[in-house]
Amino acid sequence: MLSELVAANRTELIQKCRARVSARMAPRPTAMELEHGIPLFLDQLATALRSKLASERQVTVSATKHGGDLLRLGFTIGQVVHDYGDVCQSITELAIEQTEPISTQEFQALNLCLDDAIAGAVTEFARQREVDLVAQGKRHATEDLGHLAHELRNLIATSTLAFDALKGGNVGITGITGSTGQVLGRSLMRIHDLVDRSLAAVRLKAGIKSTERVTICELIEDVEVSAMMEAKAHGHHLIVETMEPKAVVDGDRQILASIIANLVQNAYKYTRPHSQVTLRTTATPDRVRIEVEDQCGGLPPDKIATMFQPFEQASADRSGLGLGLAICVRGAEAMGGKLSVRNIPKEGCVFALELPRVKL
Numbered sequence: 291m292l293s294e295l296v297a298a299n300r301t302e303l304i305q306k307c308r309a310r311v312s313a314r315m316a317p318r319p320t321a322m323e324l325e326h327g328i329p330l331f332l333d334q335l336a337t338a339l340r341s342k343l344a345s346e347r348q349v350t351v352s353a354t355k356h357g358g359d360l361l362r363l364g365f366t367i368g369q370v371v372h373d374y375g376d377v378c379q380s381i382t383e384l385a386i387e388q389t390e391p392i393s394t395q396e397f398q399a400l401n402l403c404l405d406d407a408i409a410g411a412v413t414e415f416a417r418q419r420e421v422d423l424v425a426q427g428k429r430h431a432t433e434d435l436g437h438l439a440h441e442l443r444n445l446i447a448t449s450t451l452a453f454d455a456l457k458g459g460n461v462g463i464t465g466i467t468g469s470t471g472q473v474l475g476r477s478l479m480r481i482h483d484l485v486d487r488s489l490a491a492v493r494l495k496a497g498i499k500s501t502e503r504v505t506i507c508e509l510i511e512d513v514e515v516s517a518m519m520e521a522k523a524h525g526h527h528l529i530v531e532t533m534e535p536k537a538v539v540d541g542d543r544q545i546l547a548s549i550i551a552n553l554v555q556n557a558y559k560y561t562r563p564h565s566q567v568t569l570r571t572t573a574t575p576d577r578v579r580i581e582v583e584d585q586c587g588g589l590p591p592d593k594i595a596t597m598f599q600p601f602e603q604a605s606a607d608r609s610g611l612g613l614g615l616a617i618c619v620r621g622a623e624a625m626g627g628k629l630s631v632r633n634i635p636k637e638g639c640v641f642a643l644e645l646p647r648v649k650l
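In the working numbering, the protein residues as written are 291 to 650.
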């Protein structure tokens, strides 16, 4: 079996990998990478190959953890991506040299492990960058939109790395449909949302000069298209409930769309894995209410009062700039509305946007 081949020839494989990495022109290898990185990557892939079913993908958790460790040790994401590829190539070469037959299942397992390892590492590197930005934002206590540019740059970097891995054929047979392809898709969707959020922030800072009549049902339909795609990418199920199809408000359409998209995105980020998010609209003769309900398990009571402040986050594992909800609040207030949150202990929470309804 391929896993036994790797275990029995670990020393030779490490030498092969080091030779390949040493011959690499870019990114240039480092002593730390050759001494510690190669054995680590090989052991991660070996652990995954010992799994009886490739679908278990045990390497993902390990790659995510070690992605943060490697970042702190000074490794670049480029080194990590290339090193995983070199390890995989060395295993394949050794199997050919020793005329060791590789079954289709084992070959698929090796490629899936490689794909998940790269995706896990890229994702963790991006998350670490976001955490660093949050800390920087809190230290400086500023809402400078320059931080948004930094976040955009990091997302583009993540997208580029994932694209390069796909283009270079380093993710095996899964290609664009595998984990690395999903990283690319999520990054592109976040870039789209970030640009929308940035534009909304700029418009708010300049002041809403004029409003238009916005049919809420049509606005929800526009948001629903991208929201459904993002739900699929996150493994969640989105339910859209609309009432009062003719309900109309006066507002800035772009800012309204940005507020709703931001609330839905937050729900995807913090709800339980593979759970349900509901986007619903209701109306009274005087008000229109748009709700986004998730299944996050409830909010910490001491955080509800402060979570709409810039850079404030409701739990330790939350990443990103934290500016989104603050922008949503300002946008709602600028249009005569309000944003609120209702906690459902041990179940989830409901974010609600209320706006004055136009009487036709």
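Ideal Cβ positions, reconstructed from N, Cα and C, are used throughout, including at glycine. Being a predicted model, the structure only gives us computed values, none of them experimental.
Going along the chain, which residues of its own chain have a beta-carbon closer than 8 angstroms to the beta-carbon of Thr389, five neighbours each way excluded? Within the sequence shown, the letter at position 99 stands for residue 389. Answer for Thr389: no residue qualifies.
Hey, quick one: how far does the alpha helix (DSSP H) through Leu589 stretch, first residue to last? By 1-based counting over the sequence shown, the position of residue 589 is 299. That residue, Leu589, is in no alpha helix (DSSP H); it is neither H nor E in DSSP.
Could you name the residues that DSSP lists as bridge partners for Val641? Stepping through the sequence shown from its first residue, residue 641 is reached at position 351. A small correction: the amino acid at residue 641 is Phe; Val does not occupy that position in the sequence shown. For Phe641, which the question treats as bridged, DSSP gives the partners Val582, Val631.
Residues in its own chain within less than 7 angstroms of Asp607 by CB, not counting five upstream and five downstream? To locate residue 607, count along the sequence shown from 1; it is residue 317. Unreliable positioning characterises Asp607 in this predicted model, as indicated by a pLDDT of 38, which lies under 50. The coordinate reading is nonetheless provided below. Correct list: empty, nothing qualifies.
For the beta strand (DSSP E) holding Ala502, just list the boundary residues, first then last. Taking the first residue of the sequence shown as position 1, residue 502 is located at position 212. Note that residue 502 is Glu in the sequence shown, not Ala. Note, Glu502: beta strand (DSSP E), 502-505.
Extent of the continuous beta strand (DSSP E) run through Arg570: Counting from 1 along the sequence shown, the entry for residue 570 is found at position 280. Per DSSP, Arg570 belongs to the beta strand (DSSP E) from 566-573.
Compare the C-alpha of Lys536 against each of Ile304, Gly497, Ala573, Leu400 and name the closest. Residue mapping note: residue 536 aligns to position 246 of the sequence shown, counting from 1. The shortest C-alpha separation from Lys536 is found at Ala573.
If you measure between the beta carbons of Arg647 and Val485, is that distance less than 8 angstroms? Indexing the sequence shown from 1 puts residue 647 at position 357. Indexing the sequence shown from 1 puts residue 485 at position 195. The beta carbons of Arg647 and Val485 sit no closer together than 8 angstroms.
Exposed or buried, what is Met597 when buried is set at 16 or more other beta-carbons lying within 10 Å of its beta-carbon? For the purposes of this step, residue 597 is identified with residue 307 of the sequence shown, where counting begins at 1. Burial call: buried.
Taking DSSP as the reference, what is the three-state secondary structure of Arg493? Counting from one through the sequence shown, the residue named residue 493 turns up at place 203. Looking at Arg493 - three-state DSSP - the assignment turns out to be helix.
Whole-number beta carbon distance between Asp542 and Arg493, since they are thought to touch under 8 angstroms: Locating residue 493 in the sequence shown gives position 203, where the first residue counts as 1. Locating residue 542 in the sequence shown gives position 252, where the first residue counts as 1. Beta-carbon to beta-carbon, Arg493 and Asp542 are separated by about 6 angstroms, close enough to satisfy the 8 angstroms threshold.
Which term fits Arg562, buried or exposed, when burial requires 16 or more other beta carbons within 10 angstroms of its beta carbon? Taking the first residue of the sequence shown as position 1, residue 562 is located at position 272. By the neighbour-count criterion, in which 16 or more other beta carbons inside 10 Å mark a residue as buried, Arg562 falls on the exposed side.
With a threshold of 16 other CB atoms inside 10 Å of the CB of Asp376, please say whether the residue is buried or exposed. If you number the sequence shown from 1, residue 376 lands on position 86. Label assigned to Asp376: buried.
When DSSP builds the beta bridges, which residues end up paired with Glu531? Residue mapping note: residue 531 aligns to position 241 of the sequence shown, counting from 1. DSSP lists Arg570 as the bridge partner or partners of Glu531.
Since Val538 is in the beta strand (DSSP E), which residue starts that stretch and which ends it? Taking the sequence shown and counting its residues from 1, one reaches residue 538 at position 248. Its beta strand (DSSP E) spans residues 538-541.
Please report the straight-line C-alpha distance between Gln398 and Ser293, rounded to a whole angstrom. Here residue 398 refers to the residue found at position 108 when the sequence shown is read from its first residue. Here residue 293 refers to the residue found at position 3 when the sequence shown is read from its first residue. Near 13 angstroms, if we compare the C-alpha coordinates of Ser293 and Gln398.
Hey, Glu637 and Gly588 are a contact pair by Cβ (cut 8 angstroms); roughly how many whole angstroms apart? Against the sequence shown, residue 637 aligns to sequence position 347. Against the sequence shown, residue 588 aligns to sequence position 298. Sure, about 6 angstroms apart at Cβ, within 8 angstroms.
Rounded to whole angstroms, how far is the Cβ of Ala622 from the Cβ of Leu643, which I believe are closer than 8 angstroms? Position 332 of the sequence shown, counted from the first residue, corresponds to residue 622. Position 353 of the sequence shown, counted from the first residue, corresponds to residue 643. 6 angstroms between Cβ atoms; contact.
With a Cβ-Cβ cutoff of 8 angstroms, do Leu384 and Leu295 count as a contact? On the sequence shown, residue 384 is found 94 positions in, with the first residue counted as 1. On the sequence shown, residue 295 is found 5 positions in, with the first residue counted as 1. A distance below 8 angstroms separates the beta carbons of Leu384 and Leu295.
Can you have a look at Met519 and say buried or exposed, based on whether 16 or more other CB atoms are within 10 angstroms of its CB? Taking the sequence shown and counting its residues from 1, one reaches residue 519 at position 229. Met519 should be labelled exposed.
Check Arg577 in the structure and name its three-state DSSP category. Locating residue 577 in the sequence shown gives position 287, where the first residue counts as 1. Taken through DSSP and simplified to helix, strand or coil, Arg577 comes out as strand.
Would you mind sorting His526 into buried or exposed? The rule is 16 or more other CB atoms within 10 Å of its CB. As a position in the sequence shown, residue 526 is number 236, starting the count at 1. Classification of His526: buried, given that the 10 Å Cβ count is 16 or more.
So the alpha helix (DSSP H) Arg308 belongs to, where does it begin and stop? For the purposes of this step, residue 308 is taken as residue 18 along the sequence shown, with counting starting at 1. For Arg308, the enclosing alpha helix (DSSP H) covers residues 300-312.
State the CB to CB distance for the pair Ala490 and Gln544, rounded to an integer number of angstroms; the pair is presumed to be in contact (CB under 8 angstroms). Position 200 of the sequence shown, counting from 1, holds the residue named residue 490. Position 254 of the sequence shown, counting from 1, holds the residue named residue 544. Yes, they are in contact, since the Cβ atoms of Ala490 and Gln544 sit about 6 angstroms apart, within 8 angstroms.
Could you name the residues of the same chain whose beta carbon sits closer than 6 angstroms to that of Cys307, not counting the 5 residues immediately before and after it, in chain order? By one-based count along the sequence shown, residue 307 stands at place 17. Taking C-beta separations shorter than 6 angstroms and ignoring five residues to either side along the sequence, the partners of Cys307 in its chain run Ile328, Asp376, Val377, Ser380, following chain order.
Would you mind working out which of Gln334, Arg318, Met291 sits nearest Ile304, comparing C-alpha positions? Taking the first residue of the sequence shown as position 1, residue 304 is located at position 14. Each of Gln334, Arg318, Met291 was checked against the Cα of Ile304, and the nearest Cα belongs to Gln334.
How many whole angstroms separate the CB atoms of Ile529 and Gln585, which I take to be in contact at a CB cut-off of 8 angstroms? Sequence index remark: in the sequence shown, residue 529 carries index 239 (1-based). Sequence index remark: in the sequence shown, residue 585 carries index 295 (1-based). The C-beta distance from Ile529 to Gln585 rounds to 11 angstroms, too long to fall under 8 angstroms, and the pair is not in contact.
Taking 8 angstroms as the cut-off, decide whether the C-beta atoms of Val582 and Leu553 are in contact. Residue mapping note: residue 582 aligns to position 292 of the sequence shown, counting from 1. Residue mapping note: residue 553 aligns to position 263 of the sequence shown, counting from 1. Result yes, Cβ atoms of Val582 and Leu553 sit closer than 8 angstroms.
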